[in-house]
């Protein structure tokens with residue numbers, strides 16, 4: 001029993017020495033949409049869309065970037081290199097429309113549409129947040145390796161793989177939600 005306690009204490013001491021931290025910055029950007037009498041809200045949004053993708057217009061957009069920094073040190077026996085601290089930074093920008101219209105019906109339609117569009121974009125943000133957390137936890141949990149050069153290579157490869165996985169999830173999310181249509185972010189003429 002005494003040996004188990006010593007092992008547990010040594011494991012806890014080892015993890016207590018390593019630090020991890022995720023910092024997050026989310027900016028909201030609005031782009032102007034002018035609605036003219038006689039046109040639909042959809043046409044006004046399509047005309048103002050700042051993120052066209054081929055012939056497809058997107059009324060909202062979420063971009064994000066995850067970066068990681070780490071410190072490492074040789075272990076006490078100088079035979080291996082281990083992670084000392086991890087700082088993961090997530091910077092995201094959510095771009096949404098801001099309507100200018102004198103038509104009360106169009107304003108009401110927009111006020112129903114915008115929360116669904118925002119919900120969809122927040123789904124993209126959530127994917128990025130989960131990726132940042134996975135990177136933070138994964139890099140911190142990395143076992144000591146024979147050299148610091150190998151450790152750096154492994155840490156960066158893990159971070160890049162998790163970032164690419166999140167980008168793939170974001171594309172799948174758009175396909176599953178039909179770019180927010182299944183979440184209510186849908187307009188027709």
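Numbering (full-length UniProt numbering), first residue to last: 1 to 189. Yeah, the Cβ is synthetic: ideal placement off N, Cα and C, and Gly gets one too.
What is the rounded straight-line gap between the Cα of residue i and the Cα of residue j?
i	j	result
residue 103	residue 128	37 Å
residue 168	residue 41	31 Å
residue 165	residue 100	38 Å
residue 173	residue 63	14 Å
residue 87	residue 145	20 Å
residue 43	residue 184	18 Å
residue 112	residue 69	41 Å
residue 188	residue 159	41 Å
residue 134	residue 152	17 Å
residue 126	residue 143	28 Å
residue 31	residue 108	19 Å
residue 61	residue 22	23 Å
residue 20	residue 157	18 Å
residue 56	residue 110	19 Å
residue 175	residue 73	44 Å
Residue i: which of the options sits nearest, CA to CA?
i	options	result
residue 47	37, 38, 59	59
residue 171	121, 90, 45	121
residue 93	124, 153, 80	124
residue 114	178, 96, 189	96
residue 80	24, 147, 188	147
residue 119	21, 177, 56, 23	177
residue 24	130, 77, 78	130
Label residue i either buried or exposed according to how many other C-beta atoms from any shown protein chain fall within 10 Å of its C-beta, with 16 as the threshold for buried.
i	result
residue 150	exposed
residue 181	exposed
residue 50	exposed
residue 136	buried
residue 28	exposed
residue 90	buried
residue 38	exposed
residue 45	buried
residue 155	buried
residue 16	Unreliable positioning characterises residue 16 in this predicted model, as indicated by a pLDDT of 43, which lies under 50. The coordinate reading is nonetheless provided below. So residue 16 counts as exposed.
Less than 8 Å between the CB atoms is what I'm expecting for residue i and residue j, so what's the real figure, rounded?
i	j	result
residue 66	residue 132	5 Å
residue 33	residue 98	7 Å
residue 71	residue 85	5 Å
residue 138	residue 117	Between residue 117 and residue 138 the Cβ distance is about 32 Å, and since that is not below 8 Å, they are no contact.
residue 35	residue 83	Incorrect: roughly 53 Å between the Cβ atoms, too far for contact.
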